[in-house]
């Protein structure tokens with residue numbers, strides 16, 4: 075089994091700049107606080123999975139003042155997402171990690187149910203499959219694992235739309251890659267999604 079490297083993509087939890095679609099329900103600071111809590115939750119699960127190195131791929135970069143209040147576990151490394159749309163940023167991370175002969179698990183911080191057990195399962199799948207995906211109910215995905223890199227997986231996709239997962243599956247099929255799908259999960263993006271939190275935040 076190849077080493078598995080987990081890359082968590084996240085924006086700095088700055089009031090008014092993250093989880094903006096939740097601001098009508100939580101307020102700007104409440105939405106930022108939730109983003110911070112979900113970041114810590116995701117990193118905790120990624121570390122607890124124990125499948126390999128964990129990296130925070132951050133926007134803006136690590137030394138930006140936006141991150142000054144965030145203290146990460148010492149075992150989590152930092153990287154810079156860089157410019158471009160979500161596809162370009164994920165592609166850079168995937169190409170970089172796969173070039174080291176490691177498999178990669180790309181995850182965001184929007185899915186509280188993406189726990190250590192699910193991450194560990196995804197990593198084990200990559201011993202037999204070329205790719206693994208955890209689709210979300212909104213049409214995107216909460217996790218994408220890869221043993222190989224191809225830019226078509228990340229290009230010419232309208233991100234944050236209901237077609238992201240289906241288009242990605244089509245691209246993987248066109249490449250002839252064996253793909254495993256995990257159970258569908260809920261992201262927390264809009265006020266109606268707050269019901270999927272174990273403990274809804276105070277308004």
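Numbering (our numbering), first residue to last: 75 to 277. Cβ atoms here follow ideal geometry from the backbone N, Cα and C, with glycine treated the same way. Since this is a predicted model, take the numbers as computed values, not measurements.
Handout entry: Continuous beta strand (DSSP E) assignments of at least 3 residues falling wholly in the stretch 116–177
Key = 128–133, 150–154
Practice task
Check the C-beta distance from residue 92 over to residue 167 and give it rounded, since I have them as a contact under 8 Å.
Solution key: Taking the first residue of the chain shown as position 1, residue 92 is located at position 18. Taking the first residue of the chain shown as position 1, residue 167 is located at position 93. Contact between residue 92 and residue 167 is absent: CB atoms are separated by about 19 Å, not below the 8 Å threshold.
Practice task
Indicate the three-state DSSP secondary structure (helix, strand or coil) for residue 263 in the structure shown.
Solution key: Translated into the one-based positions of the chain shown, residue 263 becomes position 189. Here residue 263 sits in coil by DSSP.
Practice task
Alpha carbon to alpha carbon, how far is residue 171 from residue 264? Give it in angstroms, no decimals.
Solution key: As a working mapping, residue 264 is identified with position 190 in the chain shown. As a working mapping, residue 171 is identified with position 97 in the chain shown. So the two alpha carbons sit approximately 32 Å from each other.
Practice task
Assess, as a yes-or-no matter, whether the stretch 247–256 is touched by the stretch 203–218 under the definition of 3 or more beta carbon pairs within less than 8 Å.
Solution key: The stretch 203–218 is in contact with the stretch 247–256.
Handout entry: Three-pair Cβ contact test at 8 Å for the stretch 98–113 versus the stretch 194–202
Key = no
Practice task
From the DSSP output, in three-state form, read off residue 239 for me.
Solution key: Stepping through the chain shown from its first residue, residue 239 is reached at position 165. Three-state DSSP puts residue 239 in a helix.
Handout entry: Rounded straight-line distance, which links the Cα of residue 184 to that of residue 277
Key = Position 203 of the chain shown holds residue 277. Position 110 of the chain shown holds residue 184. Because residue 277 carries a pLDDT of 47, less than 50, the predicted location of this residue cannot be relied on, and no value is offered for it.
Handout entry: Status (buried if at least 16 other CB within 10 Å, exposed otherwise) for residue 128
Key = The residue you call residue 128 lines up with position 54 of the chain shown. Per the 10 Å Cβ criterion, buried.
Exercise for the section: Compute the Euclidean distance between the alpha carbons of residue 105 and residue 126, then round it to the nearest angstrom. Expected result: As a working note, residue 105 is residue 31 in the chain shown. As a working note, residue 126 is residue 52 in the chain shown. As the crow flies, the alpha-carbon of residue 105 is around 30 Å from that of residue 126.
Exercise for the section: Indicate the three-state DSSP secondary structure (helix, strand or coil) for residue 269 in the structure shown. Expected result: In the chain shown, the residue the question calls residue 269 occupies position 195. Correct three-state label for residue 269: helix.
Practice task
Taking the CB atoms as reference points, tell me whether residue 201 and residue 132 lie closer together than 8 Å.
Solution key: The residue you call residue 201 lines up with position 127 of the chain shown. The residue you call residue 132 lines up with position 58 of the chain shown. Contact flag unset, no.
Practice task
With DSSP collapsed to three states, give me the class of residue 229.
Solution key: Indexing the chain shown from 1 puts residue 229 at position 155. In this structure, residue 229 counts as coil in the three-state DSSP scheme.
Exercise for the section: Given a cut-off of 8 Å, decide if residue 177 and residue 119 are closer than it, judged by their beta-carbon atoms. Expected result: Working through the chain shown from its first residue, we reach residue 119 at position 45. Working through the chain shown from its first residue, we reach residue 177 at position 103. No.
Handout entry: Proximal residues to residue 259 (C-beta, below 7 Å), its chain only, five neighbours per side dropped
Key = Indexing the chain shown from 1 puts residue 259 at position 185. Taken in chain order, the residues that qualify are 185, 187, 188, 208, 210, 216.
Exercise for the section: Would you mind sorting residue 242 into buried or exposed? The rule is 16 or more other CB atoms within 10 Å of its CB. Expected result: Reading the chain shown from its first residue, position 168 is the one you call residue 242. Residue 242 is buried by the Cβ-count criterion.
Problem - Residue from 151, 148, 150, 156 with nearest C-alpha to residue 134 - result: Here the question's residue 134 lines up with position 60 in the chain shown. Per the C-alpha coordinates, the member of 151, 148, 150, 156 positioned closest to residue 134 is 156.
Exercise for the section: Identify every residue that forms a DSSP beta bridge with residue 219. Expected result: Against the chain shown, residue 219 aligns to sequence position 145. DSSP, once it has assigned bridges, lists 179, 206 as partnering residue 219.
Practice task
Inspect the beta-carbon positions of residue 163 and residue 218 and report whether they are closer than 8 Å.
Solution key: Stepping through the chain shown from its first residue, residue 163 is reached at position 89. Stepping through the chain shown from its first residue, residue 218 is reached at position 144. No; because the gap between Cβ atoms is not below 8 Å, this pair is not in contact.
Problem - Cutoff 7 Å; reference residue 220; Cβ partners in own chain excluding five residues on either side - result: Residue 220 sits at position 146 when you count from the first residue of the chain shown. Counting only Cβ-Cβ distances below 7 Å, and skipping sequence neighbours, we find 168, 172, 177, 178, 205.
Handout entry: Segment limits, alpha helix (DSSP H) that includes residue 191
Key = As a working note, residue 191 is residue 117 in the chain shown. Note, residue 191: alpha helix (DSSP H), 190–199.
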